[in-house]
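Position 151 of the sequence shown, counting from 1, maps to 145 under our numbering, and the rest follow consecutively. Worksheet for the structure shown next.
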Amino acid sequence: MIDVLMSTYNGSLFIREQIESILSQSFSDFRLMIRDDGSQDDTVSIIEECALADERIKVIRDSDGNLGLRRSFMRLLEASTADHFMFADQDDVWLPDKMSRSFERISELASRYGDDTPILVFTDLAVVDDELAEIDGSLWNYQSLDPEVATDWKKLLAQNVVTGCTIIANRAAASASLPFAMPEMMHDHWVAVNTAKFGKIDHLDIQTVLYRQHRGNAEGSKNFGLIYALYKIPAIINNRSFYKRSATHFGGVSATGLMVRKMCLNFGRFYD
């Protein structure tokens, strides 16, 4: 069983298409758990309509209102009980074999390392516009990302290359990631680093998601170039408190070391 965890917020424009792409997966042993984070549009009514039509959808209702993207996703992870979980954005489209290909790979790893080992598998994505026209067939190519970074938890802590909407992870990875001790960190980054440090991360060099880019993206894809890299330098320096907090929490690395790794990984993209 896989729990697909989706946090929503004012997503009425694209959410029905995304839900349909998940319900149409070739893999069938899953439930779609949706928590709305205080939408003010028609998102909730669309979710409830879909839930009435398909019993695989479970709506998570609480009185906490707007928690923000990161804490809302982690609240879903706290509610999950399945052997495996996946994160789902509200505005993408999943390709039909996303779940089956990911589940096959994580099952192979579990047979090698055991179910008690935190395991996570992630994939590439195809970058598309709001009408699903292709911008780039590979996010990794578009942003010059090296998925092998994920095999070193210190590098991964400095620069996340694991896109949350592509992952599948096991129950041990969920346990390693709870409680959510650094809410200033993106939820997918948090789960990935904890899994990399205490378990195993692998990737599939395939695209499993049409990663929709539009004006309403909470997090999105930006084309990587020298100007963007230079623009990021002040942001990295000004974010020293985050690196200090990360170094303190995870141990084994300094804030300065993380910042240097971040710089090297950013500019290393130009020297393949």
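We treat Cβ as the ideally placed atom computed from N, Cα and C, and that holds for glycine.
Specify, as a first and last residue, the run of the alpha helix (DSSP H) that H243 falls within.
Position 249 of the sequence shown, counted from the first residue, corresponds to residue 243. Looking at the DSSP string, the run of the alpha helix (DSSP H) that includes H243 is 234 to 244.
When the Cβ atoms of the segment 90 to 104 are set against those of the segment 154 to 172, are three or more pairs found closer than 8 Å?
With the cut-off at 8 Å, the segment 90 to 104 and the segment 154 to 172 touch.
Assuming S1 is part of the beta strand (DSSP E), what are its boundary residues?
Looking up residue 1 in the sequence shown gives position 7. Start and end: -4 to 2.
Can you pull the DSSP bridge partners for D113?
For the purposes of this step, residue 113 is taken as residue 119 along the sequence shown, with counting starting at 1. According to the sequence provided, residue 113 is Ile. The question's Asp does not apply to it. Answer is K194.
Would you say W147 and K194 are within 8 Å of each other, going by their C-beta atoms?
To locate residue 147, count along the sequence shown from 1; it is residue 153. To locate residue 194, count along the sequence shown from 1; it is residue 200. It is not a contact, given that the beta carbons lie outside the stated cut-off.
What does the alpha-carbon distance come out to for the pair L7 and S18?
Along the sequence shown, one-based indexing puts residue 7 at 13. Along the sequence shown, one-based indexing puts residue 18 at 24. Using only the alpha carbons, I get a separation of about 19 Å.
For E128, list the residues DSSP reports as bridge partners.
For the purposes of this step, residue 128 is taken as the residue at position 134 of the sequence shown. Per DSSP, V122.
Flag this pair as yes or no: are the beta carbons of M27 and L61 separated by less than 8 Å?
Locating residue 27 in the sequence shown gives position 33, where the first residue counts as 1. Locating residue 61 in the sequence shown gives position 67, where the first residue counts as 1. No, Cβ-Cβ distance for M27 and L61 is not below 8 Å.
Grab the span of the alpha helix (DSSP H) containing V38 for me, first residue to last.
As a working note, residue 38 is residue 44 in the sequence shown. That run of the alpha helix (DSSP H) goes 37 to 47.
Mapping the DSSP letters down to three states, classify L7 as helix, strand or coil.
As a first step, residue 7 is located in the sequence shown; it is residue number 13 there, counting from the start. DSSP places L7 in coil when its eight states are reduced to three.
Consult DSSP for F264 and reduce its assignment to one of helix, strand or coil.
In the sequence shown, residue 264 corresponds to position 270, counting from 1. At F264, the pLDDT of 49 sits below 50, so the modelled position is not reliable; the number obtained from the coordinates is stated separately. In the structure shown, F264 sits in coil (DSSP, three-state: anything other than H, G, I, E or B).
What number of angstroms, rounded off, separates the C-alpha of S66 from the C-alpha of P173?
Within the sequence shown, the letter at position 72 stands for residue 66. Within the sequence shown, the letter at position 179 stands for residue 173. Distance between the alpha carbons of S66 and P173 is about 13 Å.
I need the straight-line Cα distance from I13 to Q84, nearest angstrom please.
For the purposes of this step, residue 13 is taken as residue 19 along the sequence shown, with counting starting at 1. For the purposes of this step, residue 84 is taken as residue 90 along the sequence shown, with counting starting at 1. Spanning the two alpha carbons is a distance of roughly 8 Å.
Quickly, what does DSSP pair Y205 with across the bridge? List them, please.
As a working note, residue 205 is residue 211 in the sequence shown. According to DSSP, which records beta bridges pairwise, Y205 is partnered with V121.
Any contact between the segment 234 to 242 and the segment 174 to 191? By contact I mean 3 or more CB pairs, one from each, below 8 Å.
The segment 234 to 242 vs the segment 174 to 191: in contact.
Does the beta-carbon of S6, which I'm using as the reference point, lie nearer than 7 Å to any heavy atom of the ligand NAP?
Ligands in the displayed structure: none, and consequently the ligand NAP is not present.
Among the residues of its own chain, which have a CB less than 7 Å from the CB of F81, if the five just before and after it don't count?
In the sequence shown, residue 81 corresponds to position 87, counting from 1. Answer for F81: L(-1), F67, G158, C159, I161, D182, listed in chain order.
Is D31 near Y3, with beta carbons less than 8 Å apart?
Position 37 of the sequence shown, counted from the start, is the residue given in the question as residue 31. Position 9 of the sequence shown, counted from the start, is the residue given in the question as residue 3. Against a cut-off of 8 Å, the Cβ pair of Y3 and D31 comes out as a contact.
To which residues of the same chain is P112 closer than 6 Å at the C-beta, ignoring the five residues directly before and after it?
The residue you call residue 112 lines up with position 118 of the sequence shown. Excluding sequence neighbours, P112 sits near A166, A167, A170, T189, F192, G193.
Taking 7 Å as the limit between beta carbons, can you name the residues of its chain near A45, skipping five residues before and five after?
By one-based count along the sequence shown, residue 45 stands at place 51. The answer, listed in chain order, is I51, V53.
Does DSSP put M93 in a helix, in a strand, or in coil?
As a working mapping, residue 93 is identified with position 99 in the sequence shown. If DSSP states are grouped into helix, strand and coil, M93 belongs with the helices.
What's the C-alpha gap between Y265 and C258?
Translated into the one-based positions of the sequence shown, residue 265 becomes position 271. Translated into the one-based positions of the sequence shown, residue 258 becomes position 264. Any reading at Y265 needs caution, since the residue's pLDDT is 45, under 50, leaving its predicted position unreliable; the model's value is listed next. So the alpha carbons of these two residues sit roughly 11 Å apart.
Here's the rule I'm using: 16 or more other beta-carbon atoms within 10 Å means buried, otherwise exposed. How should N154 be labelled?
Numbered from 1 along the sequence shown, position 160 holds the residue referred to as residue 154. Per the 10 Å Cβ criterion, buried.
Residues in its own chain within less than 8 Å of R234 by CB, not counting five upstream and five downstream?
For the purposes of this step, residue 234 is taken as the residue at position 240 of the sequence shown. Hits under 8 Å: A249, M253.
Between G245 and M180, what straight-line distance do the alpha-carbon atoms span, to the nearest angstrom?
In the sequence shown, the residue the question calls residue 245 occupies position 251. In the sequence shown, the residue the question calls residue 180 occupies position 186. Distance between the alpha carbons of G245 and M180: 19 Å.
Please give me, in chain order, every unbroken run of the beta strand (DSSP E) with length at least 3 that falls completely inside the segment 55 to 110.
DSSP runs (the beta strand (DSSP E)) wholly in the segment 55 to 110: 78 to 82.
When DSSP builds the beta bridges, which residues end up paired with L26?
Looking up residue 26 in the sequence shown gives position 32. According to DSSP, which records beta bridges pairwise, L26 is partnered with V(-2), I51.
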